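The structure appears below as structure tokens.
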Amino acid sequence: MNKKHKQGVPYIMHLSILCALLLMLIPWPDAIIKYQPHWVALLVAYWSFNTASNRVMLVAFCYGLLLDILMGSLLGKHGMSLVALSFLVTKSAKQLRMTSMGQLMAMVIVLLFNDIIIRAIIDWLSFGYKPAVVDMLPLITAALTWPWIKYLLDRIQVSYRNSS
Amino acid sequence: MESLTSNQKVTKSPLFKFLILEFICLSLMIADKNHQLAQPVRNTLSLAAIPLIKIIEWPQDMYQIIQVALSRQAQLIEENTQLKEQLIDTQLKVQQNVSLAAENERLRNMLNATTVSPLTTSVAFVSNINQHQKKQHIIIDQGTAQGIHVGQAVLNLEGVIGQVDVLGQHFSHVILITDTAHALPVEILRTGMRTIAYGNGESISLNEVPTSADIQIGDVVVTSGFGNRFPRGLKVAEIESITVSPDRTFQTSVAKPYAHFERLTEVFMVWPFNTNTPNE
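These protein sequences, in sequence, are chains A and B. Residue numbers for the first sequence follow our numbering, beginning at 62 and rising by one. Residue numbers for the second sequence follow our numbering, beginning at 21 and rising by one.
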């Protein structure tokens with residue numbers, strides 16, 4: 062039972078991260094784009110928390126590079142921030158499991174903030190980008206969507222386990 | 021390192037993996053930034069990105085197909101007459117231009133000046149894909165496989181769009197002239213004064229015009245051809261406002277680009293002249 066469950070998880074993981082990539086690529090209106098959370102980072106945080114294995118780090122690295130290609134940014138920018146995010150979440154996953162939903166959310170927001178900071182620093186070093194307050198807006202929507210993503214993906218995994 | 025127990029190898033620890041991956045990222049970034057060394061990596065990875073782009077484009081293509089299928093005949097006839105009128109207009113202008121061009125050529129021959137060769141262009145289509153980052157980019161459907169190179173000028177019928185910034189195998193990213201990291205050598209058409217136009221997010225600004233220079237609202241800004249990236253004399257923008265800088269040494273003017281960046285569908289790639297470029 063447990064083994065079967067373990068085999069199914071990677072599929073769900075890759076599928077969900079691919080969906081997140083597509084969500085990032087869809088051309089939304091300008092008003093929404095400002096508030097759009099970094100979907101891939103959210104998903105990477107969830108899967109690092111959920112599986113608590115450092116295999117997710119490699120996955121985060123690969124999807125980060127793919128994101129860099131799609132966004133035309135410096136190769137490795139998203140990779141670096143996502144790997145760091147995954148590492149930090151994986152390290153503290155065991156402690157985070159014990160905490161309440163609110164504390165977990167606060168922790169995720171802090172780590173996503175860290176993710177934004179890393180990307181801002183890389184942008185600043187590579188082409189002199191000056192960070193703006195607007196860059197922090199995605200954190201609000203990330204906070205709002207995190208419980209839903211967590212609930213949805215937990216449910217999907219449970220139903221998958223029950224069906225197989 | 022507290023998770024590292026005696027029977028675990030160093031290579032299995034998460035910290036080690038983390039450091040290795042970050043190191044790879046760092047070296048990729050340095051390679052990408054400095055010497056285009058990461059271009060092969062980019063080319064291979066861009067093949068994996070194409071299905072994703074296609075998935076995003078698919079509903080948009082479907083919408084267009086359905087729109088054409090459902091549009092009424094009357095609409096099409098109306099559009100047809102409109103296009104015909106436009107064609108007649110432009111043909112008239114071309115007729116006038118033929119005599120002007122001939123005259124220009126004669127004068128240039130008399131002065132022994134180099135003749136300006138016509139532009140070689142090819143068409144590329146713009147993919148409507150969200151660019152979730154700080155640079156103003158658009159994606160076009162041509163890449164290294166079609167011979168596109170970094171720094172290639174991109175135009176459309178209205179004016180200059182930008183230049184190729186990042187390459188992939190079958191798509192590439194074009195940086196717009198309004199991006200804050202972009203600078204474009206230009207000249208004022210009326211006076212022939214040369215300067216540099218910087219992007220400021222929404223329009224372009226000419227920051228280095230001396231206070232004594234003659235510049236007016238409504239002046240047309242064209243490319244000056246310096247730097248050999250953009251051919252000379254392409255329409256860029258129109259001066260919208262002029263202010264004097266706080267220390268009264270320069271006048272800063274803001275110009276509105278002719279091209280409408282929010283509704284681009286196809287663009288022209290400019291190919292460099294195969295022989296000697298007119299160097300001033």
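We put the CB at the ideal spot given by N, CA and C, even for glycine. All values derive from a computational prediction rather than experimental measurement.
Checklist entry - residue 61 of chain B by DSSP, collapsed to three states: which one? => result Mapped onto the second sequence, residue 61 of chain B falls at position 41. Three-state result, residue 61 of chain B: helix.
Next on the checklist: For a minimum of 4 consecutive residues, which ranges assigned as the alpha helix (DSSP H) are wholly contained in the region 157-222 of chain A?
Outcome noted: 162-188
Next on the checklist: On the DSSP letters alone, give me the boundaries of the beta strand (DSSP E) that residue 170 of chain B sits inside.
Outcome noted: Along the second sequence, read from residue 1 onward, the residue named residue 170 of chain B stands at position 150. Unbroken run through residue 170 of chain B: none, as it is neither H nor E.
Item to check | Contact set between residue 151 of chain A and chain B, taken where Cβ atoms lie within less than 8 Å | outcome: Counting from 1 along the first sequence, the entry for residue 151 of chain A is found at position 90. By Cβ distance, chain B contributes 34.
Next on the checklist: Along the region 68-88 of chain B, where does the CB come closer than 7 Å to a CB of chain A? Name the residues.
Outcome noted: 68, 69, 72, 75 and 76
Checklist entry - When you compare only the Cα positions, how much space is there between residue 217 of chain B and residue 150 of chain B? => result For this step, residue 217 of chain B is matched to residue 197 along the second sequence. For this step, residue 150 of chain B is matched to residue 130 along the second sequence. The alpha-carbon atoms of residue 217 of chain B and residue 150 of chain B are separated by roughly 26 Å.
Next on the checklist: Quick check: is the beta carbon of residue 42 of chain B nearer than 8 Å to any beta carbon in chain A?
Outcome noted: In the second sequence, residue 42 of chain B corresponds to position 22, counting from 1. So yes, residue 42 of chain B belongs to the interface.
Checklist entry - Is it buried or exposed for residue 49 of chain B, if we count other Cβ within 10 angstroms and need 16 for buried? => result Translated into the one-based positions of the second sequence, residue 49 of chain B becomes position 29. Residue 49 of chain B should be labelled buried.
Next on the checklist: Just list the residues that DSSP pairs residue 196 of chain B with in beta bridges.
Outcome noted: In the second sequence, the residue the question calls residue 196 of chain B occupies position 176. Paired residue(s): B/182.
Checklist entry - Can you give the Cα-Cα distance for residue 99 of chain B and residue 109 of chain B, rounded to whole angstroms? => result For the purposes of this step, residue 99 of chain B is taken as the residue at position 79 of the second sequence. For the purposes of this step, residue 109 of chain B is taken as the residue at position 89 of the second sequence. Approximately 15 Å between the Cα atoms of the pair.
Checklist entry - To the nearest whole angstrom, what separates the beta carbons of residue 237 of chain B and residue 265 of chain B, a pair I think is in contact under 8 Å? => result The count along the second sequence starts at 1 and reaches residue 237 of chain B at position 217. The count along the second sequence starts at 1 and reaches residue 265 of chain B at position 245. Between residue 265 of chain B and residue 237 of chain B the Cβ distance is about 17 Å, and since that is not below 8 Å, they are no contact.
Item to check | Any C-beta of chain B under 8 Å from that of residue 111 of chain A | outcome: Working through the first sequence from its first residue, we reach residue 111 of chain A at position 50. No, residue 111 of chain A does not count as interfacial toward chain B.
Checklist entry - Which residue from A/206, A/178 and A/122 puts its Cα closest to that of residue 195 of chain A? => result Counting from one through the first sequence, the residue named residue 195 of chain A turns up at place 134. Residue A/178 is the option with its Cα nearest to residue 195 of chain A.
Next on the checklist: Within a Cβ cutoff of 7 Å, which residues of the same chain sit near residue 296 of chain B, ignoring the five residues on either side of it in sequence?
Outcome noted: The sequence position of residue 296 of chain B within the second sequence is 276, counting from 1. With a pLDDT of only 44 at residue 296 of chain B, under the threshold of 50, the placement of this residue in the model should not be trusted; the figure read from the coordinates follows. Excluding positions up to five away in sequence, the list is empty.
Checklist entry - Is there at least one Cβ from chain B nearer than 8 Å to residue 3 of chain A's Cβ? => result Residue 3 of chain A is absent from the model: chain A starts at 62 and stops at 225.
Item to check | Where residue 105 of chain A meets chain B, residues with beta-carbon distance less than 7 Å | outcome: As a working note, residue 105 of chain A is residue 44 in the first sequence. Those within 7 Å of residue 105 of chain A in chain B number zero; the least Cβ separation is about 13 Å.
Checklist entry - Of all Cβ atoms in chain A, is any one closer than 8 Å to the Cβ of residue 46 of chain B? => result Stepping through the second sequence from its first residue, residue 46 of chain B is reached at position 26. It does; some Cβ of chain A falls within 8 Å.
Item to check | Collapsed DSSP secondary structure at residue 296 of chain B in the structure displayed | outcome: One-based indexing of the second sequence puts residue 296 of chain B at position 276. Below a pLDDT of 50, predicted positions are generally treated as unreliable, and residue 296 of chain B, at 44, falls in that range; the measurement from the model is reported next regardless. It is coil, neither helix nor strand.
Checklist entry - What's the C-alpha gap between residue 255 of chain B and residue 95 of chain A? => result In the second sequence, the residue the question calls residue 255 of chain B occupies position 235. In the first sequence, the residue the question calls residue 95 of chain A occupies position 34. Answer to the nearest angstrom: the Cα atoms are 32 Å apart.
Next on the checklist: I want to see whether chain B comes within less than 8 Å of residue 188 of chain A, judged by CB atoms only; does it?
Outcome noted: As a first step, residue 188 of chain A is located in the first sequence; it is residue number 127 there, counting from the start. With 8 Å as the cut-off, residue 188 of chain A counts as an interface residue toward chain B.
Checklist entry - Hey, residue 192 of chain B and residue 208 of chain B are a contact pair by Cβ (cut 8 Å); roughly how many whole angstroms apart? => result As a working note, residue 192 of chain B is residue 172 in the second sequence. As a working note, residue 208 of chain B is residue 188 in the second sequence. Residue 192 of chain B to residue 208 of chain B, Cβ: 31 Å. No contact.
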